[in-house]
Amino acid sequence: MHPGTHTFAETLRHPGSPPPPPRLGLWASFLGPFALEALRGTGLDWLGLDLQHGALEPADVPGLLRVADACALPVLVRLPSHDAALLARVLDAGPAGVIVPAVESAEQAAALVRAARLPPHGRRSTGLTRAALTRGERTPPEPLLLPMVETADGLRNADAIAATTGIDGLFVGPYDLALSLGSTAADAPEVVTAVREALTAAHRNGRAGGLFAGSTALTRQLPPVALLAADTDAAALRTGVRRTLDAFRAPAGPD
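When we follow the UniProt record's numbering, the leftmost residue of the sequence shown carries the number 1, and every step to the right adds one.
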């Protein structure tokens, strides 16, 4: 881990009182190295690399992490599955942590802990990883492990998942959670209530709460969270281009 990344992870585990404001992140599904470098100085607190949906592949992670390190930008990688071998390979690249989709039970959470943690807390092996080669981290700091609550079963077991030793927080996916609950709107009242329940379970167990937001319509109805994915790379690009074109197409004002 980059030193700033280590601080990011430890602050999430031990936020202090009062807790700091939410760390605002960008959720990336196709972002490349040059575009990532252009984000330097924007004020982003973290970057999410989405390997589940979009164009990014596991092979893209080490190169993007090199650029993120140069920008002192912590990276969380959303995995496409619970595959233990892939989880270990991604962690070998040295991100701040991983977000794991659709965790629905304490048993699944415990299996992820075994795959992500080094002995004696898990079964992950260590070796000549990118972090060891480039940062001198033969035994790297413990990465963040954030299960996603995004199904009705995950919501039902949120307390048990959050209570699992080795878990650092719960990251809520409101859009998939809405679908699982029979709704199509992430800001529908019943979905807002469900998201609040999941975040409360995290806080009740001393864990960080995270949320994929995409807009303020949902976040304005919720208590503050530790991690907030505020936008996606695709949406930010589309919004920026549209705003620029609208400005040039607007009628000229008086001289």
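Idealized CB from N, CA, C, for every residue including glycine.
Quantities reported herein were computed from a predicted structural model and do not represent experimental measurements.
*What residues match up with I99 in a beta bridge as DSSP calls it?*
R78, L146, per the DSSP bridge assignment.
*So, using beta-carbon positions, are Q52 and P20 closer together than 9 angstroms?*
no
*What do you get for Y232, buried or exposed, if any count of 16 or more other CB atoms within 10 angstroms of its CB means buried?*
The amino acid at residue 232 is misidentified as Tyr; the sequence shows Thr. When all chains shown are included, T232 counts as buried.
*Consult DSSP for D50 and reduce its assignment to one of helix, strand or coil.*
strand
*asked:* Going by DSSP in three states, G240 sits in which element: helix, strand or coil?
replied: helix
_Just verifying my parser: in three-state terms, what is the DSSP assignment at R204?_
helix
*To the nearest angstrom, how far is it from the Cα of D168 to the Cα of N157?*
16 angstroms
*What is the rounded straight-line gap between the Cα of V149 and the Cα of P95?*
21 angstroms
_Given a cut-off of 9 angstroms on the beta-carbon distance, is the pair L49 and A28 in contact?_
Yes, they are a contact pair.
*How would you label L245, buried or exposed, when you count the other beta carbons within 10 angstroms and need 16 or more for buried?*
exposed
*Rounded to whole angstroms, what's the CA-CA distance from A9 to G97? Just pull it up for me.*
8 angstroms
*Tell me whether T126 sits in a helix, a strand or coil according to DSSP, three-state version.*
coil
*When we look at the beta-carbon of F171 and count the other beta-carbons within 10 Å, is it buried (16 or more) or exposed?*
buried
*For the beta strand (DSSP E) that contains V111, what are its first and last residues?*
Residue identity check: residue 111 is Ala in the sequence provided, not Val. Element bounds for A111: not the beta strand (DSSP E) but the alpha helix (DSSP H), 106-116.
*Go to F30, then tell me how far its beta strand (DSSP E) extends in each direction, as first and last residue.*
Membership of F30 in any beta strand (DSSP E) is not indicated, and neither H nor E is assigned to it by DSSP.
*Does the segment 171-184 touch the segment 111-129, meaning 3 or more C-beta pairs lie closer than 8 angstroms?*
no
*Check G253 in the structure and name its three-state DSSP category.*
coil
*Could you spell out the range, first to last residue, of the alpha helix (DSSP H) harbouring residue 257?*
One cannot answer for residue 257 here, as it falls past the ends of the chain, which runs 1 to 255.
_Can you look up G63 in the DSSP assignment and give me helix, strand or coil?_
helix
*Is F212 buried or exposed, if buried means 16 or more other CB atoms sit within 10 Å of its CB?*
buried
*Just checking, does the segment 226-242 make contact with the segment 200-214 on the three C-beta pairs under 8 angstroms criterion?*
yes
*CB-CB length for A188 against A178, believed under 8 angstroms*: 7 angstroms
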